[in-house]
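Here the protein sequences line up with chains A and B, keeping their order. Sequence positions in the first sequence follow our numbering and run -3 to 364. Sequence positions in the second sequence follow our numbering and run 191 to 529. For glycine and all other residues, C-beta sits at the position ideal for the given N, C-alpha and C. Down below is the structure, laid out as structure tokens.
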Amino acid sequence: MNTTDINYSKTGKSRPPPANTVGLIGWVRTNLFNGLLNTCLTFISCYLLWLIIPPLLDWAIFNADFTGNVGRECTTDGACWAWLDQRIEQFLYGFYPAGSYWRVNLAILLLFPALAYVLFENLPFSNYGRWYSLAYPFLAAFLLVGGFGLEGITTDKFGGFMLNLVAGLSGIIFSLPIGILLALGRRSKLPAVRLLSVTFIEFIRGVPLITLLFVAIIILQLFLPPNVSVDQLVRVMIMITLFASAYMAEVIRGGLQAIPNGQYEAAQAMGLGYWQSMRLIILPQALKISIPGIVNTFIGLFKDTTLVIIIGLFDILGQARVLQTNPDWMGKVDHETYLLAAIFFFVICFSISRYSINLEKRLDTNRD
Amino acid sequence: MKYKLLGTLVATAAIACVSIASAGTLDDVKKRGHLKCAINTGLPGFAYTDDKGNWTGFDVAYCRALAAAVLGDPNKVKYKNTTGKTRFPTLASGEVDVLSRNTTWTLSRDVDLGFTFLGVSYYDGQGFIGRKSLGVKSAKDLDGASVCIQTGTTTELNLADFFRSNNIKYEPVPIETNSEARAGYLAERCDVYTTDASGLAATKSTFKDASKHMVFPEIISKEPLGPLVRQGDDQWADIGRWVLNSLIIAEELNITKANVSAKANGTKNPEVNRLLGTEGSIGKMLGLDPKWAVRAISAHGNYSEIFEKFIGKNTPLGLARGQNALYNKGGILYAPPVR
């Protein structure tokens, strides 16, 4: 034992860990090169990335064309981004009148506090905030559609990524409560309620979404009186919501079944009624377990909104296809437009999934 | 296939239900103040959006001419975009007044589905494009080839007929839209790609190495494309038919977008005068005012002007008039006289 060791023990300080187990080098050693297999995999992955990334960057950025008014002016081998300049608004807002883009922007801006009050605790004014979140869907609908002094804009003008957001968010907001009710209904002791819930869930799950949309758009019209017409977008939103609710119900039922019987009995022993025991004891636990499944359904629902193309609405994917058929751009923008749509979807879906991981950690009450 | 069947069923059911309510489309349109016109979800030259997001193209021009004739303003149109599967149910259910979406006039659509075709706005025919490296010179040598094809169209049926009658086998690769079919062909998901000849020309013009591909000489079908309406409202069908005819007659009589307003004040040619409403009373017969044709022609000009603007030689599609030239210029375009 040399003197420095003694000094450390005297002063009560611990020695710094060896340099090769901490910091960047330590991370690389433990995560990338711990063992023969992982070392091989690391090298193979690096080689694959080297094969893919440089040509992709060359295509997407370094060799790309960024200027021009028509596709013919894109002459390099790389991507043709010249259309972004004149078309990006259509990809974002669809056919919404250009003078009213601020209404969409404002609606999206107001969405953040509304979401924040639902998603995060400990925010200032949270009593009022909750009410604001409840009122938000109506506020957004007013901003987007107009009325009461604002210029009215029909929903067939909706399009682009805004349409995905509108259809996706409304589906997400409404499918969760409906799904919870259906899940409870399916486990209810009342035969009528149970039968109704089971029939609904099994019917909706047994039919492809595209068929439901088709029914909503074409067949519904035949049964309604000639003067009555429900707005197309509303029909689509209802169908997407119902579709997601059926899946949501099954996800939540999974959560309900995972709660031990003791919890139900304990709730009864406390003298709580059905709704009280559900609200205070069962659902908080069941929903927590179901988070991954719920988020999975949300993400699926959000991506399903691209199906609106079959009823002639142009979401961001529809706008991509329309641009591909414009004679000026035809054949030049196939990959680029799809890439843009993919980026938009990835950003939203990835954020949802990150938030759900955060939520799971926060609600983790396991104390073992 | 499943959806096509569904579409047909729905269309048939729809006819049964709406045939009662279909009288008086003209009044409905006037009362509503805009025309509801079903168009494609996107087809080069025929229906696409400009950089302001407005729909434009050869098929759209007809909707605009019709709106101009009936309502006095070519902009009073609401477009409803339909796919190959949704177009017929959409028209049948009464959600639109007219369908102008490169639709082939066939007996079963005319009779069984209960639509009335208003005429032919474009004579097309189905062909094939393939890679030269296949070493095939004719579509009849395509035994065992995989074929990219758009679903829910007559193209699909023609293809089956052609291969069956020539006793050769093929493997269909069904694809939903035209642009995806093109992408599929370029990605070598199939050996050949088949669609209407106009579409093939447009598609080929976008290839980087067009010389490596060839359009086979066979045209395997007749594809007369035109607008259509629901059966049961003859007045509305007459209006639609004669708006289309008026554009063709205008080309015959050299009435253009530029000179139509001058000629509308009266000319020495009695046929021009009848069409433009300074003589006779054809407007009244149709249930419109005398200047209906003037407005229809003012929207985008006569047939030739519309053709050249959206799909003709100087556009990226670069289509020749071919069969679509007037009957007295080597084509088969022939409109009955205005009398």
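Contact check, residue i vs residue j, beta carbons under 7 Å
{"i": "residue 310/B", "j": "residue 430/B", "result": "no"}
{"i": "residue 340/A", "j": "residue 108/A", "result": "no"}
{"i": "residue 358/B", "j": "residue 291/B", "result": "no"}
{"i": "residue 285/A", "j": "residue 251/A", "result": "yes"}
{"i": "residue 243/B", "j": "residue 253/A", "result": "no"}
{"i": "residue 251/B", "j": "residue 433/B", "result": "no"}
{"i": "residue 404/B", "j": "residue 322/B", "result": "yes"}
{"i": "residue 414/B", "j": "residue 245/B", "result": "no"}
{"i": "residue 483/B", "j": "residue 466/B", "result": "yes"}
{"i": "residue 345/B", "j": "residue 327/A", "result": "no"}
{"i": "residue 175/A", "j": "residue 248/A", "result": "yes"}
{"i": "residue 262/A", "j": "residue 231/A", "result": "no"}
{"i": "residue 289/B", "j": "residue 418/B", "result": "yes"}
{"i": "residue 90/A", "j": "residue 155/A", "result": "yes"}
{"i": "residue 259/B", "j": "residue 225/B", "result": "no"}
Closer than 9 Å at the beta carbon, the chain A residues around residue i
{"i": "residue 318/B", "result": "Residues of chain A passing the Cβ test: none, with the nearest at roughly 18 Å."}
{"i": "residue 305/B", "result": "Neighbours of residue 305/B on chain A: none; closest Cβ ~15 Å, over 9 Å."}
{"i": "residue 276/B", "result": "210, 213, 214, 306, 307 and 308"}
Chain-ordered neighbours of residue i on chain A, where CB pairs are closer than 7 Å
{"i": "residue 241/B", "result": "82 and 83"}
{"i": "residue 279/B", "result": "214"}
{"i": "residue 514/B", "result": "Chain A residues near residue 514/B: none, gap ~18 Å exceeds 7 Å."}
CB contact check: residue i to chain A, cutoff 7 Å
{"i": "residue 369/B", "result": "yes"}
{"i": "residue 460/B", "result": "no"}
{"i": "residue 264/B", "result": "no"}
{"i": "residue 292/B", "result": "no"}
{"i": "residue 373/B", "result": "yes"}
{"i": "residue 212/B", "result": "At residue 212/B, the pLDDT of 45 sits below 50, so the modelled position is not reliable and the matter cannot be decided from this model."}
{"i": "residue 219/B", "result": "no"}
Interface flag, residue i vs chain B, CB-CB below 7 Å
{"i": "residue 59/A", "result": "no"}
{"i": "residue 321/A", "result": "yes"}
{"i": "residue 340/A", "result": "no"}
{"i": "residue 306/A", "result": "yes"}
{"i": "residue 239/A", "result": "no"}
{"i": "residue 327/A", "result": "yes"}
{"i": "residue 376/A", "result": "Nothing in the structure corresponds to residue 376/A, since chain A is present only between -3 and 364."}
{"i": "residue 73/A", "result": "no"}
{"i": "residue 86/A", "result": "yes"}
{"i": "residue 227/A", "result": "no"}
{"i": "residue 300/A", "result": "no"}
7 Å Cβ shell around residue i - same chain, five flanking residues per side excluded
{"i": "residue 375/B", "result": "338 and 383"}
{"i": "residue 197/A", "result": "178, 182, 242, 245 and 246"}
{"i": "residue 190/A", "result": "181, 182 and 184"}
{"i": "residue 333/A", "result": "316, 319 and 320"}
{"i": "residue 348/A", "result": "291, 294 and 295"}
{"i": "residue 236/A", "result": "163, 167, 297, 300 and 301"}
{"i": "residue 428/B", "result": "476"}
{"i": "residue 516/B", "result": "441, 442 and 523"}
Partner residues on chain B for residue i, Cβ-Cβ distance less than 9 Å
{"i": "residue 29/A", "result": "Per Cβ cutoff of 9 Å: no residues; residue 29/A is ~38 Å from chain B at best."}
{"i": "residue 311/A", "result": "Per Cβ cutoff of 9 Å: no residues; residue 311/A is ~12 Å from chain B at best."}
{"i": "residue 360/A", "result": "In chain order: nothing, as chain B lies at least about 44 Å away."}
Cβ-based neighbour list, residue i, same chain, cut-off 8 Å, excluding 5 preceding and 5 following
{"i": "residue 400/B", "result": "394"}
{"i": "residue 211/B", "result": "Residue placement at residue 211/B cannot be trusted, given a pLDDT of 47 that sits under 50; the coordinates are not used to answer."}
{"i": "residue 238/B", "result": "232, 245, 246 and 247"}
Residue i: contacting residues in chain B (beta-carbon distance under 8 Å)
{"i": "residue 318/A", "result": "231, 232, 238 and 239"}
Contact list for residue i against chain B, beta-carbon separation under 7 Å
{"i": "residue 54/A", "result": "Simply none; closest approach about 17 Å."}
{"i": "residue 91/A", "result": "243"}
Proximal residues of chain A, C-beta to C-beta of residue i below 8 Å
{"i": "residue 505/B", "result": "323"}
{"i": "residue 235/B", "result": "323"}
{"i": "residue 259/B", "result": "Those do not exist, as residue 259/B stays about 23 Å from chain A at its closest Cβ, beyond 8 Å."}
{"i": "residue 397/B", "result": "327"}
{"i": "residue 168/B", "result": "The displayed coordinates of chain B run from 191 to 529. Any statement about residue 168/B would go beyond what the structure contains."}
{"i": "residue 392/B", "result": "323 and 326"}
{"i": "residue 341/B", "result": "Ordered by position in chain A, no residue passes the 8 Å Cβ test against residue 341/B, which lies about 12 Å from the chain."}
{"i": "residue 345/B", "result": "The contacting residues do not exist; residue 345/B stays about 17 Å from chain A at best."}
Cutoff 6 Å; reference residue i; Cβ partners in own chain excluding five residues on either side
{"i": "residue 493/B", "result": "437, 438 and 441"}
Whole runs of the alpha helix (DSSP H) within the region 99 to 159 of chain A, excluding any shorter than 4 residues: 122 to 141
Start-end ranges of the alpha helix (DSSP H) lying completely within the region 19 to 98 of chain A, minimum 4 residues: 19 to 27, 32 to 53 and 79 to 89
Complete runs of the alpha helix (DSSP H) confined to the region 203 to 265 of chain A [at least 4 residues]: 205 to 210, 216 to 219, 228 to 254 and 257 to 265
Complete beta strand (DSSP E) runs within the region 371 to 398 of chain B (minimum length 3 residues, chain order): 382 to 386
Within the region 295 to 325 of chain B, ranges of the beta strand (DSSP E) (whole runs, at least 3 residues): 305 to 307, 312 to 314 and 316 to 321
Every unbroken beta strand (DSSP E) within the region 461 to 518 of chain B, with a cutoff of 3 residues, ordered by chain: Those beta strand (DSSP E) runs which fall completely within the region 461 to 518 of chain B and span 3+ residues do not exist here.
Every unbroken alpha helix (DSSP H) inside the region 332 to 366 of chain B [4 residues or more]: 344 to 355
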